[in-house]
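Colleague: Please read through the structure below; I'll follow up with questions.
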Amino acid sequence: MKPKTMFEKIWEAHVVHEEPGKPSLIYIDRHLVHEVTSPQAFEGLRLAGRKVRRPDLTFATMDHNVPTTRRSLPIADPISAQQMETLARNCKEFGVMLFDLNSPFQGIVHIIGPELGLTLPGMTLVCGDSHTSTHGAFGALAFGIGTSEVEHVLATQCLIQSKPETYRIGVKGPRPYGVEAKDIILSIIGQIGTSGGTGRVIEYAGDTIRDLSMEERMTVCNMSIEGGARAGMIAPDQTTFHYLVGREHSPANFDAAVGCWKKLPSDPGAEFDRELQIEAASLCPQVTWGTNPGQVVSVDSQVPRPEDFADPNLRKSAERALQYMNLKPGTPIINIPIERVFIGSCTNSRVEDLRRVAQFVRGKKVSSRVYAMVVPGSQQVKLQAETEGLDRILVEAGFDWRESGCSMCLGMNPDILKPGERCASTSNRNFEGRQGKGGRTHLVSPLMAAAAAIEGHFTDIRQYQL
Amino acid sequence: MEAFTKHTGIVTLVDLPNIDTDQIIPKQFLKRIERTGFGQYLFFDWRFLEDGQLNSDFEMNQERYRRSSILAARANFGCGSSREHAPWALHDYGFRCIIAPSFADIFYNNCFKNGMLPVRLSEAQVEEIFRRVRKSPGYQLTVDLEQKRLSSPDGLSYEFEVDEFRRHCLLNGLDDIGLTLHHEEKIRAYEARTQT
Ligand code: SF4
């Protein structure tokens, strides 16, 4: 038998119908829903007199809009409140389980899926959100869809999909000191560019990836979309199985499930449409300098010059980005001052992220010129962090400790940058205006963000005893 | 769904690569719970100045592009978030066709669901369109999905590629959900087989 990639195995197991020359109809095992991309889909169902086919496979949360101030306070923005009420009404009407603001399981959709054991190896999982690629860390085929497709999945539990190509990115060797999962994925995007993965599903492989914890794997897969990829995935192994033991929705017959999951990894000799090998030894802590995640350099280098880019498109982008970011070519990255720090988002707001940050800032103080906030990814993360006393360490150091949600990752709620403010952010997008109109975002790892908060400018985390 | 067969219209330009959906429709406008009414917010941070006046530096705002219905841009158009509010905003503003050397996957897919045709051309062909549009105010193109051809009275004529299935659905305005429901029996069989 021809060796198969993990992607092919999952794809083939989910084909409901196929015809030559046409896209396939594939079955969706899990559908996650949030308040921003779902109202029009539910409305579509209602207009057509359709039901949600499998409410038992569908789970909803509120995350994008939610305030991160105390939950007892009323929601200040009436339009946000309306969007949340609409989701609650839709979930009730169509019988979908909802983790609302009062739920102990509320949180960013890509944090709570794995946390609750809703994300399992071998699954097809979708959500009306591009960072659904996060769930691929479990060896699931997980991708973001638009609202029309949300409606399609609600109505049919299937999707019409053309088969993407496969792309294996191998990372080899021990991870250097101070290099986090975030730096691995930022370096990869820096290399392949923001459209290097377009039309493809990336499988991250190699011993560096194998050695990552489950949460770190999620950070890597999370940003696959920033490289343009349809999805990112990592083969399940003991780390994966261990993470899933005893989760709320993990399978009752766990050992039997593990038996099936062990057959998922790509077969030796499986062919990928494209391959890339990276030596971990070459990786450094990363900082983005521009307005897309591919515009990234190592912390020990300088802001590049537009002339350095041979491709005229890249040059033009660089010119515009430097202007927007108000940066001079040649400036050492460590000389860039910042006023804001955001630790949060579906990329880096899990408890391990918060532990590393807390450990680093213990006994230190946030620079007086910086306002730094920590937004845990979910209520469960928040609870765990508070149980461990991480919140006290962070508050002691001068961080603002908030309620869970997307928050300043996209600034749909009141957490935004003011025009011209410069922020070290652990999120995934540094687009113009993403964190607030005129705001300037630099993407970094949690440790690099913590160090920047203390120093008031970027600094090389490798200089510290970690 | 709205069908698309053939369309003639004025071409407008946004001369940037990697235009992300956060630029196409900034997040503060994603709170509406309808599919309509997003056009007024299209490219909001670029089209408007702080005080709400039109930004005359933004090329699309020039008088010559008024009433345009075809948008040409550079590579990787529509990257970033999966928000379908982006194609809704473009469509609501009046665009029926987007031309670029490449598109981000989710955006590309979302266009077809909304009766809007994304056309991929080579970098050189897109460059040529930019050149001609800048030279002749009111420059128009005809997009023919039946013939898979883009043409103009000045002799420009480019063939483009599009997936057969998507073309068929768009030409006939077919609703995906309706198509899938034809396979109800197969879906049920799949569910029985896998016990999902
Ligand atoms: S945290 Fe940011 S990237 Fe993640 S789902 Fe929320 S808004 Fe999207």
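Chains as they are written, first to last, in this note's numbering: chain A, 80 to 545; chain B, 850 to 1045.
Glycine is no exception: its CB is placed at the ideal position from the N, C-alpha and C atoms.
Note that this is a predicted model, so its numbers are computed, not measured.
Note down the Cα distance separating A/G123 from A/V378, rounded to an integer number of angstroms.
Modeller: The residue given as residue 123 of chain A occupies position 44 in the first sequence. The residue given as residue 378 of chain A occupies position 299 in the first sequence. The straight-line gap from Cα to Cα measures roughly 48 Å.
Colleague: Would B/L1028 and B/K855 qualify as a contact pair, given that the criterion is a beta-carbon distance under 8 Å?
Modeller: What you label residue 1028 of chain B is simply residue 179 of the second sequence in a count that begins at 1. What you label residue 855 of chain B is simply residue 6 of the second sequence in a count that begins at 1. Going by C-beta atoms, B/L1028 is not nearer than 8 Å to B/K855.
Colleague: Considering just the uninterrupted stretch of the beta strand (DSSP E) at A/A284, what are its terminal residues?
Modeller: As a working mapping, residue 284 of chain A is identified with position 205 in the first sequence. Looking at the DSSP string, the run of the beta strand (DSSP E) that includes A/A284 is 279 to 284.
Colleague: So is A/T367 in contact with chain B if we call contact Cβ pairs under 8 Å?
Modeller: Counting from one through the first sequence, the residue named residue 367 of chain A turns up at place 288. The C-beta of A/T367 comes no closer than 8 Å to any C-beta of chain B.
Colleague: For the alpha helix (DSSP H) holding B/A935, just list the boundary residues, first then last.
Modeller: As a first step, residue 935 of chain B is located in the second sequence; it is residue number 86 there, counting from the start. Counted as a single uninterrupted DSSP element, the alpha helix (DSSP H) harbouring B/A935 occupies residues 934 to 942.
Colleague: For the ligand SF4, any of its heavy atoms closer than 7 Å to the Cβ of A/N507?
Modeller: Position 428 of the first sequence, counting from 1, holds the residue named residue 507 of chain A. Answer for A/N507: yes, Cβ within range of the ligand SF4.
Colleague: By Cβ distance below 6 Å, which residues in the same chain neighbour A/D108 in space, the five residues on each side in sequence not counted?
Modeller: Residue mapping note: residue 108 of chain A aligns to position 29 of the first sequence, counting from 1. Excluding positions up to five away in sequence, the list reads M202, T203.
Colleague: Run through chain B and tell me which residues come within less than 7 Å of A/K516, C-beta to C-beta.
Modeller: Along the first sequence, one-based indexing puts residue 516 of chain A at 437. D894, listed in chain order.
Colleague: Quick one: complete beta strand (DSSP E) runs, 3+ long, within the segment 298 to 346 of chain A?
Modeller: Runs of beta strand (DSSP E) with 3 or more residues, each lying fully within the segment 298 to 346 of chain A, are found at 310 to 312, listed in chain order.
Colleague: Please tell me whether A/R508 and A/V460 are closer than 8 Å, where the distance is taken between their beta carbons.
Modeller: Position 429 of the first sequence, counted from the first residue, corresponds to residue 508 of chain A. Position 381 of the first sequence, counted from the first residue, corresponds to residue 460 of chain A. Against a cut-off of 8 Å, the Cβ pair of A/V460 and A/R508 comes out as no contact.
Colleague: Measuring only between beta-carbons, confirm whether A/Q236 sits less than 8 Å from chain B.
Modeller: Walking along the first sequence from the start, residue 236 of chain A turns up at place 157. Taking 8 Å as the threshold, the shortest C-beta distance from A/Q236 to chain B falls below it.
Colleague: Count the other CB atoms, across all protein chains shown, that sit within 10 Å of the CB of A/P498; report buried if there are 16 or more and exposed otherwise.
Modeller: The residue labelled residue 498 of chain A in the question sits at position 419 within the first sequence. Label assigned to A/P498: exposed.
Colleague: Which residue spans inside the segment 868 to 954 of chain B form an unbroken alpha helix (DSSP H) run of at least 4?
Modeller: 870 to 873, 893 to 896, 934 to 942
Colleague: Can you list, in chain order, the residues of the segment 99 to 119 of chain A whose Cβ is nearer than 8 Å to any Cβ on chain B?
Modeller: If the cut-off is 8 Å between Cβ atoms, the segment 99 to 119 of chain A has G100, K101, P102, L104, Y106, D108, V115, T116, P118, Q119 near chain B.
Colleague: Looking at chain B, is there any beta carbon in it that lies within less than 8 Å of the beta carbon of A/R309?
Modeller: What you label residue 309 of chain A is simply residue 230 of the first sequence in a count that begins at 1. With 8 Å as the cut-off, A/R309 counts as an interface residue toward chain B.
Colleague: Is any heavy atom of the ligand SF4 found at a distance shorter than 7 Å from the C-beta of A/L526?
Modeller: Numbered from its first residue, the first sequence carries residue 526 of chain A at position 447. No, Cβ of A/L526 sits at least 7 Å from all heavy atoms of the ligand SF4.
Colleague: Using a Cβ-based criterion (distance less than 7 Å to any ligand heavy atom), does A/V430 qualify as near the ligand SF4?
Modeller: Your numbering for residue 430 of chain A matches position 351 in the first sequence. No, since every heavy atom of the ligand SF4 falls outside the 7 Å radius drawn around the Cβ of A/V430.
Colleague: Name, going along the chain, the residues of the segment 194 to 221 of chain A whose beta-carbon falls closer than 9 Å to a beta-carbon of chain B.
Modeller: C206, G207, D208, S209, H210, T211
Colleague: Buried or exposed: which applies to A/E114, given that a residue is buried once 16 or more other Cβ atoms fall within 10 Å of its Cβ?
Modeller: Position 35 of the first sequence, counted from the first residue, corresponds to residue 114 of chain A. By the 16-neighbour rule on beta-carbons within 10 angstroms, A/E114 is buried.
Colleague: Look at the Cβ atom of B/A938, then the Cβ atom of B/F907, and state whether they are nearer than 8 Å.
Modeller: On the second sequence, position 89 is the one that residue 938 of chain B refers to. On the second sequence, position 58 is the one that residue 907 of chain B refers to. Result no, Cβ atoms of B/A938 and B/F907 do not sit closer than 8 Å.
Colleague: I'd like to know whether the C-beta atoms of A/I263 and A/G306 end up nearer to each other than 8 Å.
Modeller: Counted from its first residue, the first sequence places residue 263 of chain A at position 184. Counted from its first residue, the first sequence places residue 306 of chain A at position 227. Contact: no.
Colleague: If you measure between the beta carbons of A/V131 and A/V94, is that distance less than 8 Å?
Modeller: In the first sequence, the residue the question calls residue 131 of chain A occupies position 52. In the first sequence, the residue the question calls residue 94 of chain A occupies position 15. Between A/V131 and A/V94, the gap from beta carbon to beta carbon reaches 8 Å or more.
Colleague: Kindly say whether B/S931, judged by its beta-carbon, lies nearer than 8 Å to any beta-carbon of chain A.
Modeller: Within the second sequence, residue 931 of chain B is the residue found at index 82, counting from 1. Yes - at least one Cβ of chain A is within 8 Å of the one on B/S931.
Colleague: Cβ of A/I304 within 7 Å of any heavy atom in the ligand SF4?
Modeller: Start at 1 with the first residue of the first sequence, and residue 304 of chain A comes out as number 225. Checking every heavy atom of the ligand SF4 against the Cβ of A/I304, none is found closer than 7 Å.
Colleague: Run through chain A and tell me which residues come within less than 8 Å of B/Y1039, C-beta to C-beta.
Modeller: Taking the second sequence and counting its residues from 1, one reaches residue 1039 of chain B at position 190. Simply V95, Y106.
Colleague: Quick check: does the Cβ of B/I947 come within less than 7 Å of any heavy atom belonging to the ligand SF4?
Modeller: What you label residue 947 of chain B is simply residue 98 of the second sequence in a count that begins at 1. Answer for B/I947: no, Cβ out of range of the ligand SF4.
Colleague: Note down, in chain order, each residue of its chain lying with its Cβ closer than 7 Å to the Cβ of A/P200, except the 5 sequence neighbours on either side.
Modeller: Counting from 1 along the first sequence, the entry for residue 200 of chain A is found at position 121. Hits under 7 Å: F217, G218, A219, P315, T319, W340, L343.
Colleague: Who are the near neighbours of B/T857 in its chain, counting only those whose CB is closer than 8 Å to its CB and skipping five residues on each side?
Modeller: As a position in the second sequence, residue 857 of chain B is number 8, starting the count at 1. Q989, L990, T991, V992, listed in sequence order.
Colleague: So what does DSSP say about A/S506, is it helix, strand or coil?
Modeller: Position 427 of the first sequence holds residue 506 of chain A. Three-state DSSP puts A/S506 in coil, outside helix and strand.
Colleague: Anything in chain A within Cβ reach of B/E883, meaning under 9 Å, just list it in chain order.
Modeller: Along the second sequence, one-based indexing puts residue 883 of chain B at 34. Going along chain A in sequence order, the residues near B/E883 (Cβ under 9 Å) are P118, Q119, E122.
Colleague: Using only the alpha-carbon positions, how far apart do A/V550 and A/G186 sit?
Modeller: Any question about residue 550 of chain A goes unanswered here, given that chain A covers just 80 to 545.
Colleague: Less than 8 Å between the beta carbons of A/L522 and A/L469, yes or no?
Modeller: In the first sequence, the residue the question calls residue 522 of chain A occupies position 443. In the first sequence, the residue the question calls residue 469 of chain A occupies position 390. In this structure, A/L469 does not lie closer than 8 Å to A/L522 by Cβ.
Colleague: For A/G302, I'd like the list of residues in its chain whose CB is within less than 6 Å of its CB, leaving aside the five on either flank, ordered along the chain.
Modeller: As a working note, residue 302 of chain A is residue 223 in the first sequence. Position check: residue 302 of chain A holds Met in this sequence, whereas Gly was assumed. Counting only Cβ-Cβ distances below 6 Å, and skipping sequence neighbours, we find I264, N507.
Colleague: Please report the distance separating the alpha-carbon of A/E354 from that of B/S951.
Modeller: Position 275 of the first sequence, counted from the first residue, corresponds to residue 354 of chain A. Position 102 of the second sequence, counted from the first residue, corresponds to residue 951 of chain B. Distance between the alpha carbons of A/E354 and B/S951: 21 Å.
Colleague: Helix, strand or coil, according to DSSP, for A/C237 in the structure here?
Modeller: Position 158 of the first sequence, counted from the start, is the residue given in the question as residue 237 of chain A. DSSP places A/C237 in strand when its eight states are reduced to three.
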